[in-house]
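K.L.:
Dumping the structure here so I can ask a few things about it.
2 protein chains.
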Amino acid sequence: MRVRLEDVARAASVSPKTVSRVLNDEANVSDDTRQRVLAAMQSMDYRPHPSARSLAGHRSFLVAMLYDNNDNPASTYLAEIQDGVLEACDEHRYSMMVRPLRMRSDDFIRRLDALIADHHPDGVVLTPPITDYAPLLKRLREAGVPHASVSPAHRGKAIIGVRMDEQQAARAMVEHLLALGHRRIAHVVGIADHGASRWRLAGYREALAAAGIAEDPVLVVQGAFTFGSGVEAARKLFALKKRPSAVFAANDDMAAGVMWAAGEYGIKVPHDLSVCGFDDIPLARQLWPALTTVRQPAREMGKLAALQLLEVVRGRSSGRLAQVGFSLEVRDSTARVP
Amino acid sequence: MRVRLEDVARAASVSPKTVSRVLNDEANVSDDTRQRVLAAMQSMDYRPHPSARSLAGHRSFLVAMLYDNNDNPASTYLAEIQDGVLEACDEHRYSMMVRPLRMRSDDFIRRLDALIADHHPDGVVLTPPITDYAPLLKRLREAGVPHASVSPAHRGKAIIGVRMDEQQAARAMVEHLLALGHRRIAHVVGIADHGASRWRLAGYREALAAAGIAEDPVLVVQGAFTFGSGVEAARKLFALKKRPSAVFAANDDMAAGVMWAAGEYGIKVPHDLSVCGFDDIPLARQLWPALTTVRQPAREMGKLAALQLLEVVRGRSSGRLAQVGFSLEVRDSTARVP
DNA sequence: GACACAAATGACAGCGCTGTCAATTCGCTA
DNA sequence: TAGCGAATTGACAGCGCTGTCATTTGTGTC
Chain X
163 MRVRLEDVAR AASVSPKTVS RVLNDEANVS DDTRQRVLAA MQSMDYRPHP
213 SARSLAGHRS FLVAMLYDNN DNPASTYLAE IQDGVLEACD EHRYSMMVRP
263 LRMRSDDFIR RLDALIADHH PDGVVLTPPI TDYAPLLKRL REAGVPHASV
313 SPAHRGKAII GVRMDEQQAA RAMVEHLLAL GHRRIAHVVG IADHGASRWR
363 LAGYREALAA AGIAEDPVLV VQGAFTFGSG VEAARKLFAL KKRPSAVFAA
413 NDDMAAGVMW AAGEYGIKVP HDLSVCGFDD IPLARQLWPA LTTVRQPARE
463 MGKLAALQLL EVVRGRSSGR LAQVGFSLEV RDSTARVP
Chain F
163 MRVRLEDVAR AASVSPKTVS RVLNDEANVS DDTRQRVLAA MQSMDYRPHP
213 SARSLAGHRS FLVAMLYDNN DNPASTYLAE IQDGVLEACD EHRYSMMVRP
263 LRMRSDDFIR RLDALIADHH PDGVVLTPPI TDYAPLLKRL REAGVPHASV
313 SPAHRGKAII GVRMDEQQAA RAMVEHLLAL GHRRIAHVVG IADHGASRWR
363 LAGYREALAA AGIAEDPVLV VQGAFTFGSG VEAARKLFAL KKRPSAVFAA
413 NDDMAAGVMW AAGEYGIKVP HDLSVCGFDD IPLARQLWPA LTTVRQPARE
463 MGKLAALQLL EVVRGRSSGR LAQVGFSLEV RDSTARVP
């Protein structure tokens, strides 16, 4: 039979309420008592019943992770975030629920309301690109559900979550190319209204400006974060009279597309062309030559965002926008200009 | 304030227990009463409190989806299954929880036990490759937790879940190549102990045998389901004196690797070499030429598996191993033999 | 050593629902 | 029309925990 809080109380010779206090890490329990109770819990392998806690305590011990399954960023990215969020939740004995939502769809808000009404999450984690969807944020605020964002585009004071300095990372990537002697560097941009696209483009510009190189508009080509769009963009670049000697794509999928297109044109990477991307998806390591890229610690970001959220949920702090570092993964697709 | 079952009861002039009966779709409620109660629920937008139901009813209304995050199959595949499972759970107002588990890790069983002890899922959905992990199945049986599998390798009578006839699909794929006039057809095998690898290899052999073609062992190369292993495998094939005119890779990632390697060797796809894969991952459509492959309806499979499981959980049926169809996605990477 | 006050602990009701079992109503038969 | 079994409905306790508030114990002061 299941071990209940009452059983632990009896074993530790205290009242159930005191065990509850220990369980919830409340104040006003003497060290001595606390130790005794903890020992009893341990030895009996006590597992609090989440539903009972939730029913009596008016909170759900539930974190919902919301994502957009419409125009999905790379699903490996989401999967990594999900794993990180899950890990954080596990550590605090919260459970996690995932919710695909279709941004811009009519029933977006209705489905969000259903989630809240049905499951009462204590908090939600938002992933790109729905970190900044105004109707969503408004509704969460109204419902009093705290939220943390992974890579929010906006950066108000009240925002909690995690970000990476993508602009700085993009700049570092381009500076790597500059250090290799490249001067004619192209950039394949991502979907226009994603924060990621803006920051990476800004970093590209910043690096060029700092190096005193005037931007050549024909070298900045629109893409859409997909492999196919990378191929298209590269074809445009390769059709130029003066081809670039390096291409910085705003994500790895597009970079792979660029490398693919290079194959079509008989352009050798990295000998004739340096290519680099952003994100460090598994494919990046598998490509040949292996892709130079920026590593986003997605898993860690998911975890940190969830930890920030839990701080707020548990009333420990008011949360903040944490920042994580990036790392340049210099591999074999970039080389000194011929 | 929240609408409770009691409020609905009052509105419908019945006892709370009767509302509960309607809510749980129990027998012995007159049609008239049922209608009245349903109408009241609807008009008051009643949402049962999951924790209260769970606590009083001794069930959790929770389905856990278990996956292996160690040697992960393509994460898009898992993401699709996850979406399908979620959809099924939503329809029946069950909630879903995801659990990454590291197969063969020491604490596998401990973590599984923790899941069961902490959350009491009413059932679990197993995804490849942990559909047939004996210690796992044993533990679930002991704990009395029903489970459904997506593409289980084993096919006992008692197994419930969903499968696709992968052998048949692989055979169809190879027959497509045969119909294009290919005779020297290579196969890149997946990880040895995955059911998927065995079935696809079996289908390959079956098709060749049916066409009266003796299998040439050098044309069957070991891979590991990754892009990189596809590249490796292809290099071996291209080093042969008598190269194949077509390569059937056991999944799309490896097929992409083969195409990549073909580029290295100056082999034009599909003119000099036909390439086909299996799974229809997003990349398949993005490659150039677009990859001919087999579409696995992963999302649908996840949904069906979960539906089977819910049938069992709700005592509606004893569940079965459903089967879904495949479709050959003939695109541009396969062509008539020169 | 008596007193005031804070810290620690406990008693008890109740969160929103369902299981159990008793009570009532209904539809037939004799 | 009385009587009987089946269908329908309801009363009530209790699932395992926590909130509220009362009670007890400890601590420091003069």
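So the sequences go chain by chain: X and F.
The numbering of the first sequence is my numbering, which starts it at 163 and goes up by one.
The numbering of the second sequence is my numbering, which starts it at 163 and goes up by one.
The beta-carbon is built from N, C-alpha and C at its ideal position, and this holds for glycine as well.
Model, not experiment: these values are computed from the prediction.
#1: Asp269/X CB to nearest chain F CB: under 8 Å?
#2: 8 Å is my cut-off, CB to CB: does Leu445/X come that close to chain F?
#3: Pairing CB atoms from the stretch 246 to 259 of chain F with CB atoms from the stretch 468 to 487 of chain F, are three or more of them under 8 Å?
#4: For Arg255/F and Ile271/F, what's the separation of their Cα atoms in angstroms?
#5: Assuming Arg325/X and Phe440/X are in contact, meaning their beta carbons sit under 8 Å apart, how far apart are those beta carbons, in whole angstroms?
#6: Thinking C-beta only, is Pro406/X closer than 8 Å to Leu370/X?
#7: For the beta strand (DSSP E) that Asp245/F lies in, which residues bound it at each end?
#8: Just to check my reading of the structure: Val287/F and Leu228/F have Cβ atoms closer than 8 Å, yes? What is that Cβ distance to the nearest angstrom?
#9: What does the alpha-carbon distance come out to for the pair Arg209/F and Leu274/X?
#10: I want to verify the contact list: residues of chain X whose CB lies under 7 Å from the CB of Pro459/F, in sequence order.
#11: Thinking just about the alpha-carbon of each residue, which of Gly477/X, Arg457/X, Glu462/X and Val475/X is nearest to the one in Arg493/X?
#12: Would you verify that the beta carbon of Gln525/F is, or is not, closer than 8 Å to some beta carbon of chain X?
#13: Between Asp495/X and the rest of its own chain, which residues show a CB-CB distance below 8 Å, the 5 nearest in sequence each way excluded?
#14: Between the alpha carbons of Pro500/X and Ala348/F, how many angstroms are there, rounded?
#15: Applying the criterion that 16 or more other CB atoms from any shown protein chain within 10 Å of the CB defines a buried residue, is Leu402/X buried or exposed?
#16: Which of helix, strand or coil does DSSP assign to Thr496/F?
#17: Quick one: list the residues of chain F neighbouring Gln448/X, beta-carbon separation under 7 Å, in chain order.
#18: Tell me the start and end of each unbroken beta strand (DSSP E) in the stretch 379 to 409 of chain F that is at least 3 residues and wholly inside, in chain order.
#19: Report yes if the C-beta distance between Arg346/X and Lys404/X is below 8 Å; otherwise report no.
#20: From the beta carbon of Pro262/F, is the nearest beta carbon of chain X less than 8 Å away?
#21: Where does the unbroken alpha helix (DSSP H) through Leu340/X begin, and where does it stop?
#22: Listed from N- to C-terminal order along the chain, which residues in the stretch 198 to 215 of chain F have their beta-carbon within a distance smaller than 9 Å of any beta-carbon of chain X?
#23: Using a Cβ-Cβ cut-off of 8 Å (strictly less than) and excluding sequence neighbours within five positions of Val165/F, which residues of its own chain qualify?
#24: So which residues on chain F does Ala468/X lean against when the C-beta distance must stay under 8 Å?
#25: So which of Arg264/X, Ala296/X, Gly343/X and Ile278/X has the shortest CA-CA distance to Ala497/X?
#26: List, in order along the chain, the chain F residues whose C-beta lies closer than 9 Å to that of Thr455/X?
#27: Cβ of Gly385/F within 8 Å of Cβ of Val350/F?
#28: Please report the straight-line C-alpha distance between Ser257/X and Met463/X, rounded to a whole angstrom.
#29: Can you tell me which of the three DSSP states Met206/X falls into?
#30: What is the rounded straight-line gap between the Cα of Val393/F and the Cα of Asp415/F?
#31: Quick one: measure Cβ to Cβ for Asp230/F and Leu263/F, integer angstroms, because I've assumed they're closer than 8 Å.
#32: Would you identify the three-state DSSP class for Ala467/X, choosing helix, strand or coil?
#33: Leu217/F and Ala214/X - do their beta-carbons sit closer together than 8 Å?
#34: Using a Cβ-Cβ distance cut-off of 8 Å, determine whether Gly357/F contacts chain X.
#35: Starting from the N-terminal side, write out each stretch of the alpha helix (DSSP H) that is 4 residues or longer and does not extend beyond the stretch 253 to 298 of chain X.
P.N.:
From the atom records:
#1: Mapped onto the first sequence, residue 269/X falls at position 107. Cβ-Cβ to chain F under 8 Å: no for Asp269/X.
#2: If you number the first sequence from 1, residue 445/X lands on position 283. Interface with chain F (8 Å Cβ-Cβ cutoff): Leu445/X is included.
#3: The way I'd put it, the stretch 246 to 259 of chain F does touch the stretch 468 to 487 of chain F; three or more beta-carbon pairs between them come closer than 8 Å.
#4: Here residue 255/F is taken as the residue at index 93 of the second sequence, counted from 1. Here residue 271/F is taken as the residue at index 109 of the second sequence, counted from 1. The alpha-carbon atoms of Arg255/F and Ile271/F are separated by roughly 29 Å.
#5: Here residue 325/X is taken as the residue at index 163 of the first sequence, counted from 1. Here residue 440/X is taken as the residue at index 278 of the first sequence, counted from 1. Phe440/X and Arg325/X do not touch by the CB rule: their CB atoms are close to 15 Å apart, not below 8 Å.
#6: Your numbering for residue 370/X matches position 208 in the first sequence. Your numbering for residue 406/X matches position 244 in the first sequence. No. Outside cutoff.
#7: Counted from its first residue, the second sequence places residue 245/F at position 83. Looking at the DSSP string, Asp245/F is not in any beta strand (DSSP E); the run it does join, the alpha helix (DSSP H), is Ser237 to Glu253.
#8: Residue mapping note: residue 287/F aligns to position 125 of the second sequence, counting from 1. Residue mapping note: residue 228/F aligns to position 66 of the second sequence, counting from 1. The pair is a contact, with the Cβ atoms about 7 Å apart (cut-off 8 Å).
#9: Taking the first residue of the second sequence as position 1, residue 209/F is located at position 47. Taking the first residue of the first sequence as position 1, residue 274/X is located at position 112. One C-alpha to the other measures close to 14 Å.
#10: Mapped onto the second sequence, residue 459/F falls at position 297. What Pro459/F touches in chain X: nothing, since even the nearest Cβ is about 16 Å away.
#11: Start at 1 with the first residue of the first sequence, and residue 493/X comes out as number 331. Nearest to Arg493/X by alpha-carbon distance, out of Gly477/X, Arg457/X, Glu462/X and Val475/X, is Arg457/X.
#12: Since the first residue of chain F shown is 163 and the last is 500, residue 525/F is not available in this structure.
#13: Taking the first sequence and counting its residues from 1, one reaches residue 495/X at position 333. Note that residue 495/X is Ser in the sequence shown, not Asp. By the criterion of a C-beta distance shorter than 8 Å, Ser495/X is surrounded in its chain by Ala417, Met421, Val431, Pro432, Ser436, Val437, Cys438, Leu449, Pro451, Ala452, Leu453 and Thr454, once the five residues flanking it on both sides are discounted.
#14: Residue 500/X sits at position 338 when you count from the first residue of the first sequence. Residue 348/F sits at position 186 when you count from the first residue of the second sequence. Rounded to whole angstroms, Pro500/X to Ala348/F spans 39 Å at the Cα level.
#15: In the first sequence, counting from the first residue as 1, residue 402/X sits at position 240. For Leu402/X, the number of other beta carbons within 10 angstroms of its own is below 16, and it is reported as exposed.
#16: Residue 496/F sits at position 334 when you count from the first residue of the second sequence. Coil at Thr496/F, not helix or strand.
#17: Walking along the first sequence from the start, residue 448/X turns up at place 286. In chain order: Thr388, Phe389 and Gly390.
#18: Listed in chain order, they are 382 to 384.
#19: Working through the first sequence from its first residue, we reach residue 346/X at position 184. Working through the first sequence from its first residue, we reach residue 404/X at position 242. Against a cut-off of 8 Å, the Cβ pair of Lys404/X and Arg346/X comes out as a contact.
#20: For the purposes of this step, residue 262/F is identified with residue 100 of the second sequence, where counting begins at 1. With a threshold of 8 Å between beta carbons, Pro262/F makes contact with chain X.
#21: Numbered from 1 along the first sequence, position 178 holds the residue referred to as residue 340/X. Residue range Glu328 to Ala341 is occupied by the alpha helix (DSSP H) that includes Leu340/X.
#22: Per Cβ criterion, the list reads Asp207, Arg209, Pro210, His211, Pro212, Ser213, Ala214 and Arg215.
#23: Against the second sequence, residue 165/F aligns to sequence position 3. For Val165/F, where only same-chain residues beyond five positions count, the Cβ hits under 8 Å are Met206, Asp207, Tyr208 and Arg209.
#24: What you label residue 468/X is simply residue 306 of the first sequence in a count that begins at 1. Within chain F, no residue comes near Ala468/X; the closest Cβ sits about 14 Å away, beyond 8 Å.
#25: Taking the first sequence and counting its residues from 1, the one referred to as residue 497/X is at position 335. Checking every option, the nearest Cα to that of Ala497/X belongs to Gly343/X.
#26: Translated into positions along the first sequence, residue 455/X becomes position 293. Chain order gives no chain F residues near Thr455/X, where near means a beta carbon separation below 9 Å; the closest approach is about 15 Å.
#27: Counted from its first residue, the second sequence places residue 385/F at position 223. Counted from its first residue, the second sequence places residue 350/F at position 188. Cβ distance < 8 Å, so Gly385/F and Val350/F count as in contact.
#28: Within the first sequence, the letter at position 95 stands for residue 257/X. Within the first sequence, the letter at position 301 stands for residue 463/X. So the two alpha carbons sit approximately 18 Å from each other.
#29: Your numbering for residue 206/X matches position 44 in the first sequence. In the structure shown, the three-state DSSP call for Met206/X is helix.
#30: Mapped onto the second sequence, residue 393/F falls at position 231. Mapped onto the second sequence, residue 415/F falls at position 253. So the two alpha carbons sit approximately 10 Å from each other.
#31: Here residue 230/F corresponds to residue number 68 of the second sequence, with the count starting at 1. Here residue 263/F corresponds to residue number 101 of the second sequence, with the count starting at 1. Cβ-Cβ separation between Asp230/F and Leu263/F: approximately 6 Å, consistent with a contact (criterion under 8 Å).
#32: The residue you call residue 467/X lines up with position 305 of the first sequence. Ala467/X carries a helical assignment under DSSP once its states are collapsed to helix, strand and coil.
#33: Position 52 of the first sequence, counting from 1, holds the residue named residue 214/X. Position 55 of the second sequence, counting from 1, holds the residue named residue 217/F. Yes, the pair counts as a contact, with Cβ atoms nearer than the cut-off.
#34: Taking the first residue of the second sequence as 1, we reach residue 357/F at position 195. Not one chain X Cβ lies under 8 Å of Gly357/F.
#35: With a minimum length of 4 residues, the continuous alpha helix (DSSP H) runs that stay inside the stretch 253 to 298 of chain X are 270 to 281.
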